[in-house]
Amino acid sequence: MEFDSKNNVVMIKKYFLLLLAAILLTGVHGQNRQVDLSQNIPLQDILKKAKKQKKHVLLDFGSPRCSPCLFIKNKIFTIDSVADFINERFVSVDYTEGPEKKRLSKIYEVYTEPVLLICDANGRVMHRMEGKCTAGEMMARLRQGLDVKNNLTAQKLMYDNGNRSSEFLINYLETLHIAGLRTQRDSVLHNIFSPSFHVDSLKTPKYWNVFLCYNESPVSREGSYVFKHREEFYKLFGEQIVNGKIDQMFNGKLRTYTYGQTPPIESKEYRDILECLQNTDYPKSTEWLIYLMPAQYKFKDWMAMVKAIDHAIDFNIPKGKDKQTYMIMMSRQICWYSDNYETLTYALKWIDRAIKSSDNSQKQKLQDEREQIIEKMNELKP
Numbered sequence: 001m002e003f004d005s006k007n008n009v010v011m012i013k014k015y016f017l018l019l020l021a022a023i024l025l026t027g028v029h030g031q032n033r034q035v036d037l038s039q040n041i042p043l044q045d046i047l048k049k050a051k052k053q054k055k056h057v058l059l060d061f062g063s064p065r066c067s068p069c070l071f072i073k074n075k076i077f078t079i080d081s082v083a084d085f086i087n088e089r090f091v092s093v094d095y096t097e098g099p100e101k102k103r104l105s106k107i108y109e110v111y112t113e114p115v116l117l118i119c120d121a122n123g124r125v126m127h128r129m130e131g132k133c134t135a136g137e138m139m140a141r142l143r144q145g146l147d148v149k150n151n152l153t154a155q156k157l158m159y160d161n162g163n164r165s166s167e168f169l170i171n172y173l174e175t176l177h178i179a180g181l182r183t184q185r186d187s188v189l190h191n192i193f194s195p196s197f198h199v200d201s202l203k204t205p206k207y208w209n210v211f212l213c214y215n216e217s218p219v220s221r222e223g224s225y226v227f228k229h230r231e232e233f234y235k236l237f238g239e240q241i242v243n244g245k246i247d248q249m250f251n252g253k254l255r256t257y258t259y260g261q262t263p264p265i266e267s268k269e270y271r272d273i274l275e276c277l278q279n280t281d282y283p284k285s286t287e288w289l290i291y292l293m294p295a296q297y298k299f300k301d302w303m304a305m306v307k308a309i310d311h312a313i314d315f316n317i318p319k320g321k322d323k324q325t326y327m328i329m330m331s332r333q334i335c336w337y338s339d340n341y342e343t344l345t346y347a348l349k350w351i352d353r354a355i356k357s358s359d360n361s362q363k364q365k366l367q368d369e370r371e372q373i374i375e376k377m378n379e380l381k382p
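Mapping to UniProt numbering: the sequence shown position 251 is 251, numbers consecutive.
Given below as structure tokens:
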């Protein structure tokens, strides 16, 4: 029995070593292919190569400092199945800098990163993809881009020719969403949520999912209906999901009006949002109002704006970390947009208070922002 036991131990060790070797070899050799990306070369050279090889063209617009761009290059384009699929079908080029990137960005209307364009060998766009995605999503998008009956160009043609079936419009919405073409997406959305649309239909999974994915305004006809009848929607789809959508809509508009470069008060949507939040018991309404109430004075009366911000801070409406974030965001906004010297003294006061309550990892960045405020004050000093 002792002999058998020793033999078992020896055999187990052998199996373990063989298994370890197999794992190591897989790690070394299993995932070693990547997309063949040329760098910043003229498009005409790429098109010539594509015609010669009878392939399509994949244009990748990014930058060395863009984390989603780096994720796609380092984590997605290095997966064997993705790399093989692309290399077999495309001549690919990566535009990260230089005059050719600038020229092509204007031609193809690329204003953000990352953006991937599938083109034919003449440089005509067939499909467009924007943003970070998984390997599975990448493969699905590439396959759709090559499908001449279902890619972005094909769907646009069907839409322009009058196809307004609900099934097609929902598919087209997703294609435009993936492409990052928000204006076109919202226009298509209005065909679904038209004035004749029965808002009760939002209680069905089909139209709820459309609303969940694509509606961005809390005061659109549909957004207002969901917000007003949220208790009913909680029962249908869950409180967490419904509130998550409500929060997403309001937070998105909050960023727009906080960092936007036009007077919010001139926007009907802004005025409707303000009225909505001033007349609701929704738990986060006060949190949003401390940002949105001062915004009514933005570009109109900077002193009234900083006093409204100061009152919110003095009344301790945002607390703890939220107060620190609030003071930082408001001081930035005043520094960026206001040319009123006195308002900058408020921005300096808020950033100083934020520095006192910040940890060491934040202090240097906030000190830099403080210097920017002082520099602007020196420029404007009476």
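We put the beta carbon where it would ideally sit given N, CA and C, even for glycine. These numbers come from a predicted model, not from an experiment.
Local Cβ density within 10 Å of residue i, reported as buried at 16 or more and exposed below that
{"i": "glutamate 222", "result": "buried"}
{"i": "arginine 255", "result": "exposed"}
{"i": "proline 382", "result": "exposed"}
{"i": "serine 166", "result": "exposed"}
{"i": "asparagine 74", "result": "exposed"}
{"i": "isoleucine 107", "result": "exposed"}
{"i": "arginine 164", "result": "exposed"}
{"i": "lysine 253", "result": "buried"}
DSSP-derived helix/strand/coil call for residue i
{"i": "isoleucine 79", "result": "coil"}
{"i": "glycine 27", "result": "With a pLDDT of 46 at glycine 27, under the threshold of 50, the modelled position of that residue is not reliable, and no figure is offered here."}
{"i": "valine 226", "result": "helix"}
{"i": "leucine 59", "result": "strand"}
{"i": "aspartate 368", "result": "helix"}
{"i": "isoleucine 170", "result": "helix"}
{"i": "aspartate 36", "result": "coil"}
{"i": "isoleucine 118", "result": "strand"}
{"i": "glutamate 130", "result": "strand"}
{"i": "valine 93", "result": "strand"}
{"i": "valine 125", "result": "strand"}
{"i": "arginine 185", "result": "helix"}
{"i": "histidine 311", "result": "helix"}
{"i": "aspartate 247", "result": "helix"}
{"i": "leucine 198", "result": "At residue 198 the sequence reads histidine, which differs from the leucine that was named. In the structure shown, histidine 198 sits in coil (DSSP, three-state: anything other than H, G, I, E or B)."}
{"i": "asparagine 316", "result": "coil"}
{"i": "isoleucine 219", "result": "Residue identity differs from the one stated: residue 219 is valine in this sequence, not isoleucine. Three-state DSSP puts valine 219 in coil, outside helix and strand."}
{"i": "glutamine 261", "result": "coil"}
Proximity to residue i [Cα-Cα], best of the options
{"i": "aspartate 120", "options": "Asn163, Val148, Arg332, Phe211", "result": "Val148"}
{"i": "valine 219", "options": "Ser267, Ala304, Leu142, His198", "result": "Ser267"}
{"i": "tyrosine 207", "options": "Lys228, Ala304, Leu173", "result": "Leu173"}
{"i": "isoleucine 178", "options": "His198, Ile192, Cys213", "result": "Cys213"}
{"i": "lysine 52", "options": "Ser224, Ser358, Asn122, Pro64", "result": "Asn122"}
{"i": "aspartate 281", "options": "Gln296, Lys228, Lys298", "result": "Lys228"}
{"i": "valine 210", "options": "Thr175, Glu231, Glu232", "result": "Thr175"}
{"i": "threonine 262", "options": "Tyr234, Lys298, Glu275", "result": "Lys298"}
{"i": "asparagine 151", "options": "Arg124, Tyr257, Gly131", "result": "Arg124"}
{"i": "glycine 180", "options": "Gly131, Cys276, Ile241, Arg332", "result": "Gly131"}
{"i": "glycine 260", "options": "Lys356, Gln333, Ile241, Ser81", "result": "Gln333"}
{"i": "aspartate 36", "options": "Asp45, Gln44, Glu88", "result": "Glu88"}
{"i": "arginine 182", "options": "Phe197, Thr112, Arg33, Pro99", "result": "Thr112"}
{"i": "glutamine 184", "options": "Phe197, Leu169, Ser196", "result": "Leu169"}
C-beta contact flag for residue i and residue j at 8 Å
{"i": "asparagine 40", "j": "lysine 102", "result": "no"}
{"i": "isoleucine 317", "j": "leucine 344", "result": "no"}
{"i": "asparagine 55", "j": "phenylalanine 85", "result": "A quick correction: the sequence has lysine, not asparagine, at residue 55. The answer is no: Cβ separation not under 8 Å."}
{"i": "residue 392", "j": "valine 199", "result": "A question about residue 392 goes unanswered here, because the residues of the chain that appear run from 1 up to 382."}
{"i": "serine 217", "j": "methionine 249", "result": "yes"}
{"i": "alanine 308", "j": "methionine 293", "result": "yes"}
{"i": "lysine 300", "j": "isoleucine 265", "result": "yes"}
{"i": "tryptophan 350", "j": "methionine 327", "result": "yes"}
{"i": "isoleucine 246", "j": "arginine 230", "result": "yes"}
Distance between residue j and residue i (C-alpha atoms, nearest Å)
{"i": "arginine 370", "j": "valine 306", "result": "17 Å"}
{"i": "cysteine 335", "j": "methionine 138", "result": "41 Å"}
{"i": "aspartate 368", "j": "glutamate 342", "result": "20 Å"}
{"i": "alanine 312", "j": "tryptophan 288", "result": "12 Å"}
{"i": "histidine 29", "j": "isoleucine 79", "result": "Unreliable placement is indicated for histidine 29, whose pLDDT of 43 sits below 50; no coordinate value is reported for it."}
{"i": "leucine 25", "j": "serine 38", "result": "For leucine 25, the pLDDT reaches just 47, beneath the cut-off of 50, and the residue's location in the model is therefore unreliable, although a value from the coordinates is still provided. Distance between the alpha carbons of leucine 25 and serine 38: 29 Å."}
{"i": "methionine 129", "j": "leucine 70", "result": "16 Å"}
{"i": "threonine 134", "j": "isoleucine 76", "result": "7 Å"}
{"i": "glutamine 144", "j": "leucine 366", "result": "46 Å"}
{"i": "glycine 238", "j": "valine 57", "result": "44 Å"}
{"i": "lysine 48", "j": "glycine 136", "result": "30 Å"}
{"i": "alanine 140", "j": "glycine 244", "result": "27 Å"}
{"i": "glutamine 324", "j": "aspartate 314", "result": "13 Å"}
{"i": "aspartate 94", "j": "arginine 65", "result": "14 Å"}
{"i": "lysine 363", "j": "glycine 62", "result": "31 Å"}
{"i": "lysine 156", "j": "histidine 190", "result": "16 Å"}
{"i": "serine 194", "j": "asparagine 171", "result": "17 Å"}
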